[in-house]
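In terms of my numbering, the first sequence is residues 2 to 479. All C-beta atoms, glycine included, are put in the ideal place defined by N, C-alpha and C. Remember, it's a predicted structure, so these values are computed and weren't measured experimentally.
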Amino acid sequence: MRVRFAPSPTGALHIGSVRTILYNYLFARQREGTLILRVEDTDQDRLVAGAIDSIYDGLHWLGITWHEGPQEGGPHAPYVQSERLPLYQKHAQELVDKGAAYYCFCSKERLAVLRAEQEARHEITRYDRHCRNIPAAEAAERAKVESHVIRQKVPDEGTLAIEDLVHGRIEWQANTIEDQVLLKSDGFPTYHLAVVVDDHVMEISHIMRGEEWVASVPKHLLIYSAFGWDAPPMAHFPSVLGPDGKKLSKRHGSTAVSQFREDGYLPEALINYLALIGWSPGTEEEIFSMDDLMRVWKIEQVQSAGGKWDKDRLDYFNGVWIRKLSVDELVRRLEPFVPAEWDREVLKRIVPHIQERMKTLKDAAEQIRFLFTDDIGYESNLLIPKKSDRISTAEALARSRAVLGGIEPFTADLIRPMLETLAEQVGWSRKDLNGAIRMAITGRQVGPPLYESLEVLGKEKSLRRIEMAQELLAGGRD
RNA sequence: GGCCCGGUCGCCUAGCGGUCUAGGGCGCUUCCCUUUCAAGGAAGAGGUCAGGGGUUCGAAUCCCCUCCGGGCUACCA
Numbered sequence: 002m003r004v005r006f007a008p009s010p011t012g013a014l015h016i017g018s019v020r021t022i023l024y025n026y027l028f029a030r031q032r033e034g035t036l037i038l039r040v041e042d043t044d045q046d047r048l049v050a051g052a053i054d055s056i057y058d059g060l061h062w063l064g065i066t067w068h069e070g071p072q073e074g075g076p077h078a079p080y081v082q083s084e085r086l087p088l089y090q091k092h093a094q095e096l097v098d099k100g101a102a103y104y105c106f107c108s109k110e111r112l113a114v115l116r117a118e119q120e121a122r123h124e125i126t127r128y129d130r131h132c133r134n135i136p137a138a139e140a141a142e143r144a145k146v147e148s149h150v151i152r153q154k155v156p157d158e159g160t161l162a163i164e165d166l167v168h169g170r171i172e173w174q175a176n177t178i179e180d181q182v183l184l185k186s187d188g189f190p191t192y193h194l195a196v197v198v199d200d201h202v203m204e205i206s207h208i209m210r211g212e213e214w215v216a217s218v219p220k221h222l223l224i225y226s227a228f229g230w231d232a233p234p235m236a237h238f239p240s241v242l243g244p245d246g247k248k249l250s251k252r253h254g255s256t257a258v259s260q261f262r263e264d265g266y267l268p269e270a271l272i273n274y275l276a277l278i279g280w281s282p283g284t285e286e287e288i289f290s291m292d293d294l295m296r297v298w299k300i301e302q303v304q305s306a307g308g309k310w311d312k313d314r315l316d317y318f319n320g321v322w323i324r325k326l327s328v329d330e331l332v333r334r335l336e337p338f339v340p341a342e343w344d345r346e347v348l349k350r351i352v353p354h355i356q357e358r359m360k361t362l363k364d365a366a367e368q369i370r371f372l373f374t375d376d377i378g379y380e381s382n383l384l385i386p387k388k389s390d391r392i393s394t395a396e397a398l399a400r401s402r403a404v405l406g407g408i409e410p411f412t413a414d415l416i417r418p419m420l421e422t423l424a425e426q427v428g429w430s431r432k433d434l435n436g437a438i439r440m441a442i443t444g445r446q447v448g449p450p451l452y453e454s455l456e457v458l459g460k461e462k463s464l465r466r467i468e469m470a471q472e473l474l475a476g477g478r479d
């Protein structure tokens, strides 16, 4: 059992391709198979520097590992296609020798004109096989000196078919297929030649990739049979779509795994969420860790219809997974999202109180900022409850300060009853009293529970902030 | 245009001929809990199973047609 992930280093690791990689990963791990990472960089024009690092970073962060690859090595190294050129060239040549492919000397200009003419006549735009009938010997001679490509010689008749693991039987008539370029004039193979050769040479037992590849299957099938190889079983997974139903891309927002990481998403959440686009266990369970998925995921349950990206749902899963973390672990995960100068002991004390209030790790800082800085600017009006006024609010705060000042030790348990009775004495609802105090000490209307916030902030700072609030109120309208 | 692949609540989906008066989750609404906000609990709105024909005692489930959406149609992957 050998399966591969075959990303192209044309940009950051895409969230949609992660779903495909995940399914490959699960499939192989369940069968104790071997996972191969192969970099398909046959288009030199589209290479993006750093893309391979991004793939490695992203997959490692998500907890996906593999056995053979560019950095890991393996029995079929190298695992980067641009380093395997002679292999493809040799095979392309072999196809020419077998009469399954031919040299084509048509210029890109001729091809462009041809296409334009076909379009003008509303004909199918495809290569007119202009070079297909050049005598072999003559073509071979010209190939020595002329720029050329090698094209696949597609038969005029016949049916090509696969039994796709997710779609079932799919078939094509040979006469609908173009004489595909296999080897480009720069000596690089096209995707079509490279995948087939590599999948065969690397002994890939199951080809599982995105749905966008089904159209190229018949071309691959032809190559397999020209070489006399058996095509392995294939599965084409449905696409992850944008909200508009088109393939998910940057214009729908960020698609880079690294971006989700920076935005405070947990790898557990991303994996859980992604696994459920296009697959369902058939039960009502839906919270799955990677280990759970390893247990229950089945390729037979993979859907054939594409699924749309739903940010709200991802956020929900992120919340679920944040809540499942231990406090220590959450503190660890929060590390990159919290300024280095913030006291980690304080952080650890407040985290239990914001754990169920975070949608993302990134949300935390704003909620607890008041504990680490005195810079909590707000408008004094916000201190005043709806049905109250400046004078009474100032008085309520003064009394709060007096009450709080007498509490020792300064803990939530002791603060609670004192403020509750104070509210009664003042004749305010707890909501109003606490709201005013919350604004005074945090500068915000919402946040972690008040009594705990006071405790963690500490008596001294709490009193000082309430005092500042009183001064603000006394200062009149601002 | 051609070739393929799809089409169940706004979204992710269960469903594989009768148990479906179509189930769950997200989101939304209301209520409860409650020191704010969340979280949690409860209830609810939301689906002519794309449409139309068949087949069958019986169809979301099988067949055909139509419509709609998507992918591919490059010396890109």
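task = Taking 8 Å as the cut-off, decide whether the C-beta atoms of leucine 36 and proline 10 are in contact.
result = no
key: Selection from Leu294, Val258, Arg20 and Gly64 that minimises the alpha carbon distance to glycine 1   = The structure shown does not extend to residue 1, since the chain spans only 2 to 479, so no value can be given for it.
request  = Check whether the Cβ atoms of alanine 93 and proline 233 sit closer than 8 Å, and answer yes or no.
outcome  = no
Identity of the residue in Trp429, Glu346 and Ser217 nearest threonine 161 by Cα = Looking at the sequence provided, one finds leucine at residue 161 rather than threonine. Leucine 161 has its Cα closest to that of Ser217, out of Trp429, Glu346 and Ser217.
query = Hey, how far is the Cα of arginine 431 from the Cα of leucine 27?
reply = 52 Å
Cβ-Cβ distance between valine 352 and valine 321 below 8 Å = no
query = Which value, in whole angstroms, describes the spacing of the CA atoms of glycine 407 and serine 401?
reply = 10 Å
ask   = Is alanine 162 helix, strand or coil when you go by DSSP?
value = strand
request  = Can you tell me the Cβ-Cβ gap for lysine 309 and leucine 242, rounded? I've got them flagged as a contact below 8 Å.
outcome  = 5 Å
ask   = In this structure, what does DSSP give as the bridge partners for phenylalanine 238?
value = Gly211
task = Identify which residue in Ala141, Leu398 and Leu420 has its Cα closest to the Cα of isoleucine 467.
result = Leu398
ask   = Rounded to a whole number of angstroms, what is the C-alpha to C-alpha distance between glutamate 204 and valine 196?
value = 12 Å
key: For glutamine 153, the residue or residues it bridges with in DSSP   = Ala102
For glutamine 368 and proline 268, believed in contact at Cβ under 8 Å, the rounded distance = That pair is no contact at about 22 Å.
ask   = Do you know how far the Cα of isoleucine 22 is from the Cα of leucine 474?
value = Straight through space, the alpha carbons of isoleucine 22 and leucine 474 are spaced by roughly 59 Å.
inquiry  = Do isoleucine 208 and aspartate 199 count as a contact pair if the criterion is CB distance below 8 Å?
reply    = no
task = Confirm, please, whether the CB-CB distance from lysine 363 to glycine 265 is below 8 Å.
result = Yes, the pair counts as a contact, with Cβ atoms nearer than the cut-off.
query = Buried or exposed: where does alanine 403 fall if 16 or more other Cβ atoms within 10 Å of its Cβ makes it buried?
reply = exposed
ask   = Contact check, lysine 220 vs glutamine 181 under 8 Å by CB: the rounded distance?
value = 5 Å
query = Would you call arginine 439 buried or exposed, if buried means 16 or more other Cβ atoms sit within 10 Å of its Cβ?
reply = When all chains shown are included, arginine 439 counts as buried.
inquiry  = Let me check one thing: in DSSP terms, what residues is phenylalanine 318 bridge-paired to?
reply    = Partner(s): none; phenylalanine 318 has no beta bridge.
ask   = Among residues of its own chain, excluding the 5 on either side of leucine 96, which ones have a beta-carbon nearer than 6 Å to its beta-carbon?
value = Ala102 and Ala227
request  = Taking only the alpha-carbon atoms, compute the straight-line gap between leucine 277 and glutamine 446 and give it to the nearest angstrom.
outcome  = 36 Å
request  = Below 6 Å CB to CB, which residues in the same chain sit around valine 339 once its five sequence neighbours on both sides are set aside?
outcome  = Ala366
task = Can you tell me which of the three DSSP states leucine 183 falls into?
result = strand
request  = Ignore the nearest five residues each way along the sequence and tell me which others in leucine 315's own chain have a CB closer than 6 Å to its CB.
outcome  = Only Tyr274 meet the Cβ criterion.
Sub-8 Å separation of proline 239 and glycine 279 beta-carbons = Between proline 239 and glycine 279, the CB-CB gap stays under 8 Å.
ask   = Any idea if glycine 17 is buried or exposed, counting beta-carbon neighbours within 10 angstroms, 16 or more meaning buried?
value = Note on glycine 17: 16 or more other CB atoms within 10 angstroms of its CB, so buried under the neighbour-count rule.
inquiry  = Give me the DSSP bridge partner(s) of leucine 38.
reply    = Looking at the DSSP assignment, leucine 38 forms a beta bridge with Phe6.
task = Compute the beta-carbon to beta-carbon distance between glutamate 142 and phenylalanine 106, rounded to the nearest angstrom, for a pair I have assumed lies under 8 Å.
result = The Cβ separation is near 11 Å, so there is no contact.
key: Assigned secondary structure, lysine 360 (DSSP; H/G/I helix, E/B strand, else coil)   = coil
task = Quick one: give me the first and last residue of the beta strand (DSSP E) that tryptophan 173 is part of.
result = 169 to 174
query = In whole angstroms, what separates the C-alpha of arginine 122 from that of histidine 131?
reply = 18 Å
message = Quick check: the Cα distance between arginine 417 and aspartate 375, rounded to an integer number of angstroms?
response = 24 Å
message = Buried or exposed, going by whether 16 or more other CB atoms sit within 10 Å of the CB of valine 202?
response = exposed
inquiry  = Taking the alpha helix (DSSP H) that isoleucine 278 belongs to, which residues open and close that run?
reply    = It is not in any alpha helix (DSSP H) - isoleucine 278 carries neither H nor E in the DSSP assignment.
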